[in-house]
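Each residue of the sequence shown is one higher than the one before, counting from 10 in our numbering.
Just below is one structure, and these are the notes that go with it.
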Amino acid sequence: MRDMGALVLILVIWACLGIVNGQIVNEIMKEKGYTKNYFWLGFFGGKGAVRHAYGRMTALMTPEEREALKKKKEEKKREMEAHKQELIDEGGWKCPCGKVNAVYVSSCACGMSKREVKYGQAAVEQKEE
Ligand SMILES: [Zn+2]
Numbered sequence: 010m011r012d013m014g015a016l017v018l019i020l021v022i023w024a025c026l027g028i029v030n031g032q033i034v035n036e037i038m039k040e041k042g043y044t045k046n047y048f049w050l051g052f053f054g055g056k057g058a059v060r061h062a063y064g065r066m067t068a069l070m071t072p073e074e075r076e077a078l079k080k081k082k083e084e085k086k087r088e089m090e091a092h093k094q095e096l097i098d099e100g101g102w103k104c105p106c107g108k109v110n111a112v113y114v115s116s117c118a119c120g121m122s123k124r125e126v127k128y129g130q131a132a133v134e135q136k137e138e
């Protein structure tokens, strides 16, 4: 029954997306101070619910709050950048995919190896001669 397999796959994908959306909506509402669990709203409401939650969150904000949120986001970004720089300063390496890996990480999550990044693919092949 090939149709069954496809149906199960669709259900699994749908459930995964639902869980992600549910968590996003729940996080947004929690951040805004709503204590109710909005997970299921996100789960069944999908992208529309995410947009709705986000819109509701920012619509209820005062300009000061909005400014504070913007600052918080910028600060978080700066922190991330600082953390990346720290890793590089300690001997870490930056992968072409954009991920910065610590010195003890020998291959990136994307599959690139440290040696490949540092010396290039050609150098890796040459070394094997
Ligand atoms: Zn990578």
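The beta carbon of each residue, even a glycine, is placed where N, CA and C say it ideally should be.
Is residue i helix, strand or coil when you go by DSSP?
{"i": "residue 109", "result": "strand"}
Which whole-angstrom value describes the C-beta separation of residue i and residue j, a residue pair presumed to lie in contact below a C-beta threshold of 8 Å?
{"i": "residue 112", "j": "residue 100", "result": "4 Å"}
{"i": "residue 77", "j": "residue 34", "result": "Rounded, the Cβ-Cβ distance is 21 Å, inconsistent with contact."}
{"i": "residue 109", "j": "residue 97", "result": "6 Å"}
{"i": "residue 31", "j": "residue 49", "result": "7 Å"}
Using 10 angstroms around the beta-carbon of residue i, count the other beta-carbons present and answer buried if the total reaches 16, otherwise exposed.
{"i": "residue 102", "result": "buried"}
{"i": "residue 37", "result": "buried"}
{"i": "residue 25", "result": "exposed"}
{"i": "residue 104", "result": "buried"}
{"i": "residue 107", "result": "exposed"}
{"i": "residue 91", "result": "exposed"}
{"i": "residue 14", "result": "exposed"}
Going by Cα to Cα distance, which pick from the options is closest to residue i?
{"i": "residue 39", "options": "15, 66, 25", "result": "66"}
{"i": "residue 139", "options": "69, 87, 27, 79", "result": "A query on residue 139 cannot be resolved here, the shown segment of the chain reaching from 10 to 138 and no further."}
At what residues does the alpha helix (DSSP H) containing residue i begin and finish?
{"i": "residue 89", "result": "72-98"}
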